[in-house]
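See structure below.
Next up, the structure:
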């Protein structure tokens, strides 16, 4: 046999040997290459992603051509025209309490005070069966008034109400009217619950889920919002809950305090017991927004729910 320079190759079959020319070898290689190529295309099935990738440009192009044949659907609003950030600080998990610094401006706070001044009356309580105004005298010694956002022509209360709805993620129509309160020197509110226990107050049409306190003024001394049972502390029956102890939040003008009276399952959080410490120096103004588990309307603005 000749080597590759001679143009022939010796191929053995069994015990013999046969010479094969280079052109024949080349043709055989080409034959097997083409056979393999056509076999692979015959059995190949493109994956779904490849098909979608190829179809997508054609679909988009077709949509662009037909866009003029129909009107687009009207868009909706998410509630905000831009991204907003409302800073807060977690004060407690038992009860769930959050603090919002600079929630309202100085001008907004003063506007609310000016609206409330002429309508202040001695604060009242929601009475349990068997209680009277005389027997509960001294529990709550502040003065206050109720006002709704619709009564405020300046729009200040509507802005505050909308902001409260954002941080609580509960619609505005679940809130009661604002209860604007003034505490003078020596005035206080003893420890109490904002939620109404049905075993004490009877069946409720709806329940207070949370409370938002907007502090309208600074207080030189005293006037803190207190939570005596915070984190399960001070549960000894010998404690006098008329005193001021536990977690205490100092009022600062424009800041807000949110706390929840109910657990997510709808039961009352006993750690939400709270009160207002006596004002020692200065004057305390606060606007309270109680938020319920149902829409309000006029059904819940009865005489009982305009108290406490």
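Numbering (the UniProt record's numbering), first residue to last: 1 to 308. Positions of the beta carbon are idealized from the N, C-alpha and C atoms, including for glycine.
Just the Cα atoms here: how many angstroms apart are residue 252 and residue 184?
Looking at the two C-alpha atoms, the distance is approximately 16 Å.
Spell out the partners DSSP gives residue 222 in its beta bridges.
Note: residue 222 sits in a beta bridge opposite 279.
Could you tell me the boundaries of the beta strand (DSSP E) in which residue 173 lies?
Neither: residue 173 is in no beta strand (DSSP E) and is coded neither H nor E.
Can you tell me whether DSSP reads residue 23 as helix, strand or coil?
helix
Contact defined as beta carbons within less than 8 Å: I believe residue 285 pairs with residue 213. What is the distance between those atoms, to the nearest angstrom?
In this structure residue 285 is not in contact with residue 213, their Cβ atoms being roughly 11 Å apart against a cut-off of 8 Å.
Assign residue 181 to one of three DSSP states: helix, strand, or coil.
It is a strand residue.
Could you work out which residue in 102, 96, 30 and 93 is closest to residue 218 when comparing CA atoms only?
102
What is the residue span of the beta strand (DSSP E) that residue 291 lies within?
For residue 291, the enclosing beta strand (DSSP E) covers residues 284-292.
For residue 136, which residues of its own chain have a beta-carbon under 7 Å away from its beta-carbon, when the five flanking residues on both sides are left out?
125 and 127
Residues that DSSP places opposite residue 137 in a beta bridge:
According to DSSP, residue 137 bridges with nothing at all.
Answer with buried or exposed for residue 242, where buried requires no fewer than 16 other C-beta atoms within 10 angstroms of its C-beta.
An exposed status is given to residue 242, since fewer than 16 other beta-carbon atoms sit within 10 Å of its beta-carbon.
Among 220, 222, 221 and 239, nearest to residue 228 - alpha-carbon criterion
239
Where does residue 143 sit, in a helix, a strand or coil, going by DSSP?
Note: residue 143 maps to strand in three-state DSSP.
Beta-carbon proximity of residue 179 to residue 223, cut-off 9 Å:
No, the Cβ-Cβ distance between residue 179 and residue 223 is not below 9 Å.
Find the nearest neighbour of residue 226 within the set 273, 258 and 84, judged by alpha-carbon distance.
273
Between 86, 32 and 172, which has its C-alpha nearest residue 294's C-alpha?
172
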